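Trainee: Heads up, the sequence shown is in the numbering used here, so the first residue is 17 and it goes up one at a time. Backbone N, C-alpha and C fix where the C-beta goes; we use that ideal spot for every residue, glycine too. All figures in this text were calculated on a predicted structure; none of them were measured in a lab.
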Amino acid sequence: MPNPLVHKLNCYVGLSEDDRMCLADAMSPSRMVAARTDIIHEGDDPRAINVILEGWACRYRQFANGRRQIVSLLLPGDPCDPHIFLLDEMDHAIGAITPVLLGQISGPAMRDVIARSPRLDMAFHREALATAAIQREWTVSLGSRTGIERLAHLFCEVHARLAAIGLSDGNTCAMPMTQNDLGDAMGQTSVHINRTLQELRGMGLITLRSRRLTIHDPAALARLAHFDTAYLHLTEAGHAAAR
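1) Distance, Cα to Cα, L118 vs R211?
2) Is there at least one Cβ from chain B nearer than 8 Å to L90's Cβ?
3) Contact defined as beta carbons within less than 8 Å: I believe A241 pairs with E165. What is the distance between those atoms, to the nearest angstrom?
4) Below 8 Å on the Cβ atoms is my guess for E70 versus P92; work out the distance and round it to an integer in Å.
5) Would you decide whether M126 is buried or exposed? Buried here means 16 or more other CB atoms lie within 10 Å of its CB.
6) Please report the residue range of the alpha helix (DSSP H) in which N66 lies.
7) What's the call for N81, buried or exposed, on a 16-neighbour Cβ count within 10 Å?
8) Run through the stretch 81 to 160 for me and flag every whole alpha helix (DSSP H) of 4 or more residues, listed as ranges in chain order.
9) Between the beta-carbon of L198 and the beta-carbon of A190, is there less than 8 Å?
10) For R152 and T188, I'd like the C-alpha separation in whole angstroms.
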């Protein structure tokens, strides 16, 4: 099975066969994590980098009263912060949205990888910078975009990220998030999300059925969302796939 982490890093820096083998050697045997369970808890010691190989996960914060804010989505190929092992404890939790096939790279193994390969060092740094840019865009959405613009932007972003690593089928991609999940990510209630989805459907822009999202008019949805792929910082090959 092709390693989605290799596919993703290749969107930032062209990797050699030696680089690919180096990553394969560093990765521990994969394990399955059930849907709706935590991969790592807030307060845990982050001794290793978790890598999403299959499935969807999210970073989130949860209050004592049960309210939850999803602060980012983790898709196949995403390392859950390649430098997280430098911290003493997790300041957020990572939870599986779907069943997740998880790989891990230990802190010492990551240090060895970036010491052996300048290309991998650059790729991981570019990935971290792109992740920070995505986080800024989510902040812009929560602070300045309207409800329909927020959801449209999320759909555009998810499709672009999946397309860049070969996990879209034309204008269709996976969308396993429930309306509650979308509400937790958008800072809205599930009732508001339901109305917004109906509005997007009524405009003929999307279909969301059986955990699959189809964007019928990508240009129109991007205009509505004020979406520009530039903040994803993909190479030309990655951009071409994301279009």
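Mentor: Based on what the coordinates show:
1) Working through the sequence shown from its first residue, we reach residue 118 at position 102. Working through the sequence shown from its first residue, we reach residue 211 at position 195. C-alpha separation (whole angstroms): 34 Å.
2) The structure shown has no chain B; it contains just one protein chain.
3) Locating residue 241 in the sequence shown gives position 225, counting from the first residue. Locating residue 165 in the sequence shown gives position 149, counting from the first residue. Indeed they touch by this definition, with Cβ atoms about 5 Å apart.
4) To locate residue 70, count along the sequence shown from 1; it is residue 54. To locate residue 92, count along the sequence shown from 1; it is residue 76. Rounded, the Cβ-Cβ distance is 6 Å, consistent with contact.
5) Sequence index remark: in the sequence shown, residue 126 carries index 110 (1-based). Counting Cβ neighbours within 10 Å, M126 comes out buried, since at least 16 surround it.
6) For the purposes of this step, residue 66 is taken as residue 50 along the sequence shown, with counting starting at 1. No alpha helix (DSSP H) holds N66; the beta strand (DSSP E) holding it covers A64 to E70.
7) Locating residue 81 in the sequence shown gives position 65, counting from the first residue. Answer is exposed; the Cβ neighbour count stays below 16.
8) 123 to 132 and 134 to 160
9) Along the sequence shown, read from residue 1 onward, the residue named residue 198 stands at position 182. Along the sequence shown, read from residue 1 onward, the residue named residue 190 stands at position 174. Their beta carbons are not under 8 Å apart, which means L198 does not touch A190 by this criterion.
10) The sequence position of residue 152 within the sequence shown is 136, counting from 1. The sequence position of residue 188 within the sequence shown is 172, counting from 1. Approximately 26 Å between the Cα atoms of the pair.
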